[in-house]
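Since the structure comes first, as structure tokens, the remarks are kept for the end.
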Amino acid sequence: MRWIHAAGRGLLVAVVVLTGYVASGVQGDGARGGGRGPLTLATAGDLTGYLGPLLDGWNRAHPSERVTLVELPDSADETHAQMATDLRGDGRSRFDVLNIDVAWTSEFAAAGWISPLPAGRFPLDGFLPPVVDTATYDGRLYAVPYVTNAGLLLYRKDLLDKEGVAPPRTWAELEKQARSIAPKYGLDGYAGQFLPYEGLTVNAAEAVYSAGGSILGDEGERVTVNSAAAREGIGFLARGVRDGWIPEKALTYKEEESKKAFQDGRLLFLRNWPYAYVGASAKGSPVAGKIGAVPLPGPDGPGASVLGGSNLAVSSHARHPDSAARLIAYLTSEATQRQVLTKGALPPVRAALYEDPVLIRRFPYLPTLRASVLAAAPRPKSPRYDQVSLAVQAVVHDAMTGHQTPEAAVRRLARELADISRRG
Ligand code: GLC
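Using full-length UniProt numbering, the letters of the sequence shown map in sequence onto residues 1 to 424.
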């Protein structure tokens, strides 16, 4: 069920940390002339607007190594497309440091777009173990974990309390409450991120994993999706739209649109990342004080979340690799990671912060989040992950819009994934 079993993952982390090899690329004063100097940092849309001010701190202290932030679109896929176009461009890349989705490390590394990092320069023993695994490819460290993420179910606590029911632990309870309680209050039932893009891949994978299925084998090649569990997972999402407890407009939602629907008081249940819980609980939000967050439900009890987040990597075209490595060390230091949480509302990668009593008082969901991150299932480590994800999105969208039954959709997905594996 997990792409990489927990024990294997621990071993991989240990190997990477202990070898501490010095690879070509980012080391000492940098391979490509002038190790230190100004940089650009490319990132997907900064939804909480914290990164500019955080980099101002670095820029004030390092005037000769100033960082210019290049903010790409909110959607993971559009950011991926822009980064890939830039990195393919024969040494004329605009980007030095890349804040890449955890799902892309293998693809970027296999394509030679990012440089391996000297593990000795980035001790990773204080990081949550699953996040370290997302930064490695082929036994080498290609990035440093920066932000982690796990899906949560947000719910309207005020309304469930009024109805005298506990938040759902199973799909049947979610469906029942979405069908019976939401309409009473003029709300839609349930939404996630269902537009065809990476967010839909995440939501679909969560449904499949929660039912006990998988999409590819642990090695990221063998196609395992043709199963009763996958049909059940996709069937859950398709049924929601067909029966109306997932509103049709949710088929156009990414993270922000779905967060807005919940925050504006139009939804009873929302699957989203923790930043949405922080935003919807903040002063000024119409639902502040009225919401709660629990683990995602599954068929017979709590389900599985996909591991989200991003890693910092150095472009193989970086102009100043030593400064790039220094910036990454700064952004992943414990002090900056604290700000990633307090200013950015994003889950940090350093384990100690989840046990800090001051932070727990301010962000009471931290222990739940830690458990969700530790239990979350990573996406496949495939050098062709972009194609895998596109196939999942297209097929699951067809099932959710009723163009294909879940059974036919799963069979088609299995065929398409097998084609991708064969093409190599
Ligand atoms: C969040 C996650 C990322 C995921 C994306 C999907 O940004 O951190 O890992 O791919 O959402 O939309």
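C-beta: ideal position from N, C-alpha, C; glycine also.
Small disclaimer: the values here were computed from a predicted structure and weren't measured.
Nonlocal neighbours in the same chain, by C-beta distance under 7 angstroms from residue i, ignoring five residues either side
i	result
Ala324	Val26, Leu39, Asp96, Val97, Val314, Ala318
Val223	Leu216, Ala414, Leu417, Ala418, Ser421
Phe194	Leu200, Asn203, Ala250, Leu251, Tyr253, Met400
Leu369	Ala150, Pro274, Pro347
Leu331	Tyr146, Leu312
Pro168	Leu174, Gln177, Pro297
Leu187	Arg266, Leu267, Leu268
Val165	Gln177
Leu159	Ile181, Tyr185, Leu268
Residues near residue i by beta carbon distance below 8 angstroms, same chain, minus five either side
i	result
Glu334	Gly126, Arg350, Ala352, Leu353
Arg362	Thr342
Pro53	Lys343
Glu256	Leu47, Asp74
Glu221	Ser382, Ser421
Pro286	Gln263, Asp264, Gly265
Glu198	Ser75, Ala76, Asp77, His80, Asp101, Ala103, Ser389, Gln393
Selection from the options that minimises the alpha carbon distance to residue i
i	options	result
Gly37	Ser64, Gly189, Leu47	Ser64
Gly279	Thr336, Leu346, Ser214	Leu346
residue 438	Trp273, Ser285, Asp386, Ala282	Absent from the model: residue 438. The displayed extent of the chain is 1 to 424, so no value can be given.
Leu390	Gly52, Asp77, Trp58, Leu159	Asp77
Phe122	Ala103, Asp101, Asp138, Tyr146	Tyr146
Asp243	Ile234, Arg179, Leu153, Ala228	Arg179
Ala409	Ser227, Ile328, Tyr385	Ser227
Ser281	Phe262, Pro295, Pro299	Phe262
Val396	Ala84, Arg92, Arg411	Arg411
Arg322	Ala81, Val102, Thr105, Leu117	Going by the sequence as given, residue 322 is Asp instead of Arg. The shortest Cα separation from Asp322 among Ala81, Val102, Thr105, Leu117 belongs to Leu117.
Ser75	Leu55, His62, Gly45, Val392	Gly45
residue 430	Glu71, Leu47, Trp245, Val294	The chain is shown only over 1 to 424; residue 430 falls outside these bounds and no answer can be derived.
Gly292	Asp133, Thr105, Leu153, Leu124	Leu153
Tyr385	Ala42, Gly35, Ala84	Ala84
Gly120	Arg140, Arg423, Tyr277	Arg140
Glu219	Gln393, Pro302, Ser106, Arg66	Ser106
Ala304	Gly212, Arg338, Pro357	Gly212
Arg156	Leu359, Arg326, Val294, Trp58	Val294
Pro299	Val306, Glu232, Asn99, Gly192	Glu232
Ala172	Asp158, Ala135, Arg239	Arg239
Beta bridge counterpart(s) of residue i as assigned by DSSP
i	result
Tyr155	Phe269, Gly292
Asn311	Ile100, Pro145
Ala191	Leu270
Phe127	Arg350
Tyr137	Arg140
Thr40	Thr68
Gly298	Thr170
Leu216	Val223
Ala377	Val306
Ile114	Ser315
Ala150	Leu307
Buried or exposed (CB count within 10 angstroms, at least 16 for buried), residue i
i	result
Tyr275	buried
Tyr185	exposed
Asp90	exposed
Lys283	exposed
Pro380	buried
Pro403	As written in the sequence, residue 403 is His, which differs from the Pro given in the question. His403 should be labelled exposed.
Thr68	exposed
Arg92	exposed
Lys259	buried
Val388	buried
Ala182	buried
Arg271	buried
Arg423	exposed
Asp101	buried
Arg60	exposed
Gly49	exposed
Glu248	exposed
Gly35	buried
Pro357	exposed
Pro364	exposed
Pro367	exposed
Close Cβ partners of residue i (< 6 angstroms) along its chain, the five nearest in sequence each way excluded
i	result
Leu237	Ala207, Met400
Ala110	Pro383
Val70	Thr40, Ala42
Leu87	Ser93, Trp113
Asp138	none
Glu163	Ile181
Ala288	Ser281
Gly309	Val102, Val147, Thr148, Asn149
Val131	Pro145, Thr148, Val349
Asp161	none
heavy atom of the ligand SAM below 7 angstroms from residue i C-beta
i	result
Ala84	Among the ligands present in this structure, namely the ligand GLC, the ligand SAM is not found.
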